[in-house]
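Structure first, commentary second.
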Amino acid sequence: MDNSRKRSLTLHIGVLAFLFLLPFVLPDYHQLTITRIMILAIFALGYNVLFGYAGLLSLGHAMFFACGLYAAGLPIYHLGWAVPSAFLFAIAVSALAAALIGAIALRTQGVAFMIVTLMFSQVVYLTTLYFSDTTGGDEGLVLPGHARSFEILGMQVDLTSPQVRYYIALGLLSASALIVYRWVNGGLGREWVAVRENESRTRMLGYNTFLIKLKAMVISGTLSGSAGAAYGLLFAYIGSTFATIQYSIDVLLFTLLGGVGTVLGPILGSFIMFYLIDFFSEHTTAYLLATGVALILLIMYFPLGVLGTLRKKWLPWLP
Amino acid sequence: MVAVVAVSLLSTKKLNRRFGGITAVRDVDLSLEQGEIRGIIGPNGAGKTSLVNLLSGRLAPDSGQIVFQGIDITGQPAWKRARLGIAYAFQITSIYPGLTVFENVAIGAQMRIQQSSKSRPLPDQKRSLEEIVGSCLRLTGLDWSRTQLAVELAYGHQRLLEIAINLAVDPVLFILDEPTQGLSVDEIEEFTDLLKRIRSNRTIILIEHNLPFVMNLADRVTVMDQGGILAENDPKGIQMDARVKTTYLGE
Ligand SMILES: Nc1ncnc2c1ncn2[C@@H]1O[C@H](COP(=O)(O)OP(=O)(O)O)[C@@H](O)[C@H]1O
Ligand SMILES: [Mg+2]
Numbered sequence: 539m540d541n542s543r544k545r546s547l548t549l550h551i552g553v554l555a556f557l558f559l560l561p562f563v564l565p566d567y568h569q570l571t572i573t574r575i576m577i578l579a580i581f582a583l584g585y586n587v588l589f590g591y592a593g594l595l596s597l598g599h600a601m602f603f604a605c606g607l608y609a610a611g612l613p614i615y616h617l618g619w620a621v622p623s624a625f626l627f628a629i630a631v632s633a634l635a636a637a638l639i640g641a642i643a644l645r646t647q648g649v650a651f652m653i654v655t656l657m658f659s660q661v662v663y664l665t666t667l668y669f670s671d672t673t674g675g676d677e678g679l680v681l682p683g684h685a686r687s688f689e690i691l692g693m694q695v696d697l698t699s700p701q702v703r704y705y706i707a708l709g710l711l712s713a714s715a716l717i718v719y720r721w722v723n724g725g726l727g728r729e730w731v732a733v734r735e736n737e738s739r740t741r742m743l744g745y746n747t748f749l750i751k752l753k754a755m756v757i758s759g760t761l762s763g764s765a766g767a768a769y770g771l772l773f774a775y776i777g778s779t780f781a782t783i784q785y786s787i788d789v790l791l792f793t794l795l796g797g798v799g800t801v802l803g804p805i806l807g808s809f810i811m812f813y814l815i816d817f818f819s820e821h822t823t824a825y826l827l828a829t830g831v832a833l834i835l836l837i838m839y840f841p842l843g844v845l846g847t848l849r850k851k852w853l854p855w856l857p
Numbered sequence: 003m004v005a006v007v008a009v010s011l012l013s014t015k016k017l018n019r020r021f022g023g024i025t026a027v028r029d030v031d032l033s034l035e036q037g038e039i040r041g042i043i044g045p046n047g048a049g050k051t052s053l054v055n056l057l058s059g060r061l062a063p064d065s066g067q068i069v070f071q072g073i074d075i076t077g078q079p080a081w082k083r084a085r086l087g088i089a090y091a092f093q094i095t096s097i098y099p100g101l102t103v104f105e106n107v108a109i110g111a112q113m114r115i116q117q118s119s120k121s122r123p124l125p126d127q128k129r130s131l132e133e134i135v136g137s138c139l140r141l142t143g144l145d146w147s148r149t150q151l152a153v154e155l156a157y158g159h160q161r162l163l164e165i166a167i168n169l170a171v172d173p174v175l176f177i178l179d180e181p182t183q184g185l186s187v188d189e190i191e192e193f194t195d196l197l198k199r200i201r202s203n204r205t206i207i208l209i210e211h212n213l214p215f216v217m218n219l220a221d222r223v224t225v226m227d228q229g230g231i232l233a234e235n236d237p238k239g240i241q242m243d244a245r246v247k248t249t250y251l252g253e
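Here it is, written out as structure tokens:
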């Protein structure tokens, strides 16, 4: 038990150390790509808390990503806020949105839950279009120059530098992975898994399963929202494409591909998927079709994903 | 003079529950004493499962009242009743198939530890999760299977596992819905021993079809028929009861 814990910690830290050293050997183009992937990996990490651990399949998680994106970008664009306060504000707004939407959506189960989350997400998307005077709608908004750098603890941070963006993304990813790792390996993680595996048994043991699911929703939505906020702030752009169903499906794919209910799975899945899409879109305009086919093949042959399959066969200690 | 006053742990008043045209539970007044084993028997469809579902909170009554340890719990959700100490082993085995035996019981143990900080303290203060799980597994004879997935266990062992999960929360009232259903003769014998071992500080409701088993264990037996209580007595009295003989024991 203890030994396996050590091994898994070593693995996780090893992965982060690898990412830390990567920029020293990578050309700029890939650095930028990996920065994007790491932010999307935070999104997937958050998604996986709800889907992989609590067993709730949301088809509308783009709404939380977009929520963070806009809650960070709009005050900067319209009110001249500084980057750090915009980021914190976005996290708070995402948490609140997740709590409110969760409180309603969690009254349903299974397919109904999928549909309700999908509908909420459509509402968010249409809202960003409807208020396009403020949000920039489809075209989006490019954040102004004052948002390209900020001061924190007396340090000046330059967001136009690829290295700086890379390490901010890595820092955020590490922090998120650490938080998720601690939660899923603690009492809360046990409660999520219990609800996923057998909700009525869990309720009959004295657990308030609604509250347990709501916690998963809030943590998941907050992580997704902070990923959205980071994306908007690092790349200085906010737009309604991020609220489309495409992003909700992508994050589901990342998680499925890497391994549902593992901490590293969504991170790995984001990497593989991103490069796959990259590859497909170079060779065909039908890359959406390719993603669709990938999803179907995945569910048919690897329902546990890469890491889930590895865990089942060889690495039972993988969290 | 020392009066021995029976302490009522749980009582119901005129409990009713209908499903469409069927009255599954009809005007049931039930009173359980602290520490007794109460057998509930009756033909299929008599309303036994529905009645205990009302007690555990899985079903809401149409009318009537349930009082547990002096508290009116009629309107409380199932999870709150469980926290008050009402545990339920389902008629159809309900465990966590995809998790190890250890993790199955740990889910119960975690609830007990959470609860212990409040109204019901653990007997000795720092009993860890590991210890609670260990003792419940030893008690049910499942210690050998800790690292196995629950789904891989034989049916009889899965039923024992559900008991172990429930024991981990240390219930005050433990409801067992047809626990011997599908068990072999040997397994039933072991099960009888197990119940004798775990009854010490608990009240137990035992719904059963296996009459010798329930007559052997129960302090009192309630006979249900068509949603209502047909008779209630000690096992001897029940076996003599003329009405019970004609409508249920089929003599
Ligand atoms: N969820 C339900 N919906 C409709 N009818 C039900 C439901 N549960 C039980 N019943 C009916 O209520 C009656 C009592 O059932 P039950 O409590 O399961 O009896 P027992 O456990 O004594 O066999 C039966 O007629 C059964 O068909
Ligand atoms: Mg029944």
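If you read the sequences in order, they're chains A and B.
The first sequence lines up with residues 539 to 857 when you count with this note's numbering.
The second sequence lines up with residues 3 to 253 when you count with this note's numbering.
Where a beta carbon is used, it is the ideal one built from N, C-alpha and C, also for glycine.
Values in this document were obtained by computation on a predicted structure and should not be read as measured data.
- Between Val587 of chain A and Leu761 of chain A, the beta carbon gap of about 7 Å places them in contact (Cβ cut-off 8 Å).
- With three or more CB-CB distances shorter than 8 Å, the segment 659-674 of chain A counts as touching the segment 767-778 of chain A.
- The continuous beta strand (DSSP E) containing Phe176 of chain B extends over residues 175-179.
- Contact annotation: His550 of chain A and Leu806 of chain A have beta-carbon atoms that are not nearer than 9 Å.
- Taking a C-beta distance under 9 Å as the contact criterion, Tyr98 of chain B and Ala732 of chain A qualify as a contact pair.
- Per the Cβ contact rule, the segment 782-795 of chain A is not in contact with the segment 686-695 of chain A (fewer than 3 Cβ pairs under 8 Å).
- Taking non-hydrogen atoms of ligand 2 into account, the C-beta of Glu180 of chain B is found less than 8 Å away from one of them.
- Contact check between the segment 59-66 of chain B and the segment 194-205 of chain B: fewer than three CB pairs, one atom from each, fall below 8 Å, which does not count as touching.
- Apart from sequence neighbours up to five positions away, the residues of its chain that approach Val789 of chain A with a beta-carbon distance below 6 Å are Phe581, Ala582, Tyr585, His599, ordered along the chain.
- If you draw a straight line from the Cα of His159 of chain B to the Cα of Leu139 of chain B, it is about 11 Å long.
- Excluding its 5 nearest sequence neighbours in each direction, Ser786 of chain A has C-beta neighbours in its own chain below 7 Å: Leu597, Gly598, His599, Ala600, Ser659, listed in chain order.
- The DSSP-derived three-state label of Asp696 of chain A is strand.
- Here the distance from the Cβ of Pro63 of chain B to the nearest heavy atom of ligand 1 is not below 8 Å.
- Residue-level contact by beta carbon holds for Lys82 of chain B and chain A, with a gap shorter than 9 Å.
- Between Asn586 of chain A and chain B, the shortest Cβ-Cβ separation is not below 9 Å.
- The three-state reading of DSSP puts Gly41 of chain B in strand, counting E and B together.
- In this structure, DSSP gives Val798 of chain A a state outside helix and strand, which the three-state scheme calls coil.
- Contact with chain A is found for Phe92 of chain B, since one of that chain's Cβ atoms lies less than 9 Å from the residue's Cβ.
- Gln93 of chain B has its Cβ nearer than 8 Å to a heavy atom of ligand 1.
- In the DSSP assignment, Lys15 of chain B forms a beta bridge with B:Gln67.
- In this structure, the beta-carbon distance from Ile629 of chain A to Gly763 of chain A falls below 9 Å.
- For Asn541 of chain A, the closest Cβ of chain B is not nearer than 9 Å.
- Using a Cβ distance threshold of 9 Å, Leu185 of chain B and Phe176 of chain B do not count as a contacting pair.
- At least one heavy atom of ligand 2 lies less than 8 Å from the C-beta of Thr51 of chain B.
- Along the segment 94-105 of chain B, going in chain order, the ones with a CB nearer than 9 Å to a CB of chain A are Ser96, Ile97, Tyr98, Pro99, Gly100, Leu101, Glu105.
- Taking CB atoms only, Gln117 of chain B has a neighbour in chain A less than 9 Å away.
- Judged by the Cβ position, Ile209 of chain B qualifies as a neighbour of ligand 2 at the 8 Å threshold, a heavy atom of the ligand being closer than this.
- Listed along chain A are Leu743, Gly744, Tyr745, each with a C-beta nearer than 8 Å to that of Met113 of chain B.
- Taking the Cβ atoms as the reference, Arg19 of chain B lies roughly 11 Å from Leu57 of chain B, outside the contact range of under 8 Å.
- Exposure of Lys247 of chain B is indicated by the presence of fewer than 16 other C-beta atoms within 10 angstroms of its C-beta.
- Inclusion of Gly843 of chain A and Gly796 of chain A in the CB contact set at 9 Å is warranted, their separation being smaller than that value.
- At a threshold of 8 Å, Ala48 of chain B counts as near ligand 1, since its beta carbon sits closer than that to one of the ligand's heavy atoms.
- In this structure, ligand 1 has a non-hydrogen atom nearer than 8 Å to the beta-carbon of Ala26 of chain B.
- CA-CA distance, Ile717 of chain A to Leu53 of chain B, rounds to 44 Å.
- When C-beta distances to chain B are compared with 8 Å, the residues of the segment 720-734 of chain A below that value are Gly725, Arg728, Glu729, Val731, Ala732, in chain order.
- Non-local C-beta neighbours of Gly49 of chain B in its own chain, meaning closer than 7 Å and more than five positions away in sequence, comprise Ala26, Val27, Met226, Gly229, ordered along the chain.
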